[in-house]
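Student: If you read the sequence shown in our numbering, its first letter stands for residue 75, the second for the next number, and so on.
The C-beta atom is built at its ideal place from N, Cα and C for all residues, glycine as well.
Sending over a structure as structure tokens; questions will come in a sec.
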Amino acid sequence: LSISPSTQSIAVGRQASYQLALTPSGGFNRDVPLTIQPQTAGIAATFVPADISPQQEATLTLLPDSSVVPGTSAFEVIASVDTFRQSVDCTLEVFAVPIFPISDETEYLSDSVFQIDVQLGDANRPVTNLRSVELWLNYTQKDVLAPVISDAQRPAAGALLGANPSFQFTSQPENGRLKLVAESALVDGVSGFGTIAHIPFTSPLETPDNTTVLFTIDSVVAVDSDGQPLYLSPQNHAITLREKISFDVLI
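The structure is reproduced here in structure tokens:
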């Protein structure tokens with residue numbers, strides 16, 4: 075009994091397929107039921123077909139749901155009937171695709187405009203076939219911080235979404251929240267990692283020195299090109315606002 079590939083890495087909610095083959099030996103020519111051990115909670119395992127015979131192939135599909143904790147699981151695939159028994163090992167790494175606010179710097183002066191990006195995925199945890207995503211971006215210190223919404227500057231879609239995406243935003247400055255809704259124009263969605271939104275922010279000159287602002291993301295709803303949910307893992311980001319010192323120069 076052989077398996078290919080023996081190791082796969084997928085995001086939560088995606089599925090991994092393995093090809094199984096049984097090589098004939100000693101004239102053995104029977105259908106052999108396939109099983110897998112251990113039976114891991116949250117990871118559904120299916121064989122198509124359920125039995126395998128010499129010189130034929132079967133497909134094992136593993137599908138982790140949103141309850142699965144990211145990590146690596148090891149399995150033993152068994153072909154067994156009567157006294158005949160063959161087995162092969164395989165592993166599945168499950169990762170959560172991160173979604174998080176990020177900025178170029180960790181400190182900004184008051185009375186200036188700076189940009190917070192919303193990034194999806196990274197080099198080791200890419201998203202696959204993302205079609206649309208909506209979320210709330212929350213920020214503390216709402217009394218001194220607000221998104222910039224003007225003809226010259228406003229929230230905009232990021233490069234990961236591809237050309238001509240649909241992009242909408244709703245600002246609730248009184249609650250320190252900004253809702254973002256984005257959809258790729260590509261039929262198959264987008265894959266990889268990168269920025270999905272740019273949001274300019276500003277604070278008044280009199281902002282107290284060393285004001286810490288925490289940005290968080292919640293209420294994330296993402297779907298792929300087939301309309302299936304994508305499970306994303308929100309992360310936080312903090313910056314510090316430094317008071318800009320202003321002087322009147324007398325000549």
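For the beta strand (DSSP E) containing Tyr-182, name the first residue and the last one.
Tutor: 181–183
Student: Can you find at least 3 beta carbon pairs, one from the region 275–291 and one from the region 180–187, that sit closer than 8 Å?
Tutor: yes
Student: Looking only at its own chain, which residues have a Cβ that is under 8 Å from the Cβ of Lys-318, when we skip the five neighbours before and after it?
Tutor: Same-chain partners within the cutoff: Leu-183, Ser-184, Asp-185, Ser-186 and Leu-279.
Student: Looking at the secondary structure, which residues open and close the beta strand (DSSP E) in which Pro-308 lies?
Tutor: 306–308
Student: Any idea what DSSP makes of Leu-219, helix, strand or coil?
Tutor: coil
Student: Is the CB of Gly-250 under 9 Å away from at least one CB in chain D?
Tutor: Of the protein chains in this structure there is only one, and it is not chain D.
Student: Residues in its own chain within less than 6 Å of Val-201 by CB, not counting five upstream and five downstream?
Tutor: Excluding residues up to 5 positions away in sequence, Val-171, Leu-194 and Gly-195 lie with their Cβ nearer than 6 Å to the Cβ of Val-201 in the same chain.
Student: What are the residues that DSSP puts in a beta bridge with Val-171?
Tutor: Leu-306
Student: May I ask you to verify whether the region 130–137 touches the region 94–114, counting CB pairs closer than 8 Å and requiring at least 3?
Tutor: Contact holds: three or more Cβ-Cβ distances are below 8 Å.
Student: For the structure I just gave you, are there three or more beta carbon pairs, one from the region 229–244 and one from the region 254–265, closer than 8 Å?
Tutor: yes
Student: Exposed or buried, what is Asn-310 when buried is set at 16 or more other beta-carbons lying within 10 Å of its beta-carbon?
Tutor: exposed
Student: Per DSSP, what kind of secondary structure is Ala-197 in: helix, strand or coil?
Tutor: coil
Student: Nearest by alpha-carbon distance to Arg-159: which of Leu-204, Asp-217, Glu-150 and Ile-313 is it?
Tutor: Glu-150
Student: Here's the rule: buried if 16 or more other CB atoms are within 10 angstroms of the residue's CB, otherwise exposed. What is Arg-104?
Tutor: exposed
Student: For Val-86 and Ser-147, which I take to be in contact (beta-carbon distance under 8 Å), what is that distance rounded to the nearest angstrom?
Tutor: At roughly 13 Å, the Cβ-Cβ gap does not stay under 8 Å, so Val-86 and Ser-147 are not in contact.
Student: Just how far apart, CA to CA, sit Leu-315 and Ala-115?
Tutor: 46 Å
Student: Looking only at its chain, what residues have a beta carbon closer than 8 Å to the beta carbon of Thr-165, apart from the 5 residues adjacent to it on each side?
Tutor: Cβ within range, chain order: Ser-80, Thr-81, Gln-82, Thr-146, Ser-147, Ala-148 and Phe-149.
Student: Do Pro-303 and Val-295 come within 9 Å of each other at the CB atom, strictly closer than that value?
Tutor: Yes, the Cβ-Cβ distance between Val-295 and Pro-303 is below 9 Å.
Student: Assuming Lys-253 is part of the beta strand (DSSP E), what are its boundary residues?
Tutor: 251–257
Student: Taking the DSSP output, what are the residues bridged to Leu-204?
Tutor: Val-264 and Asp-298
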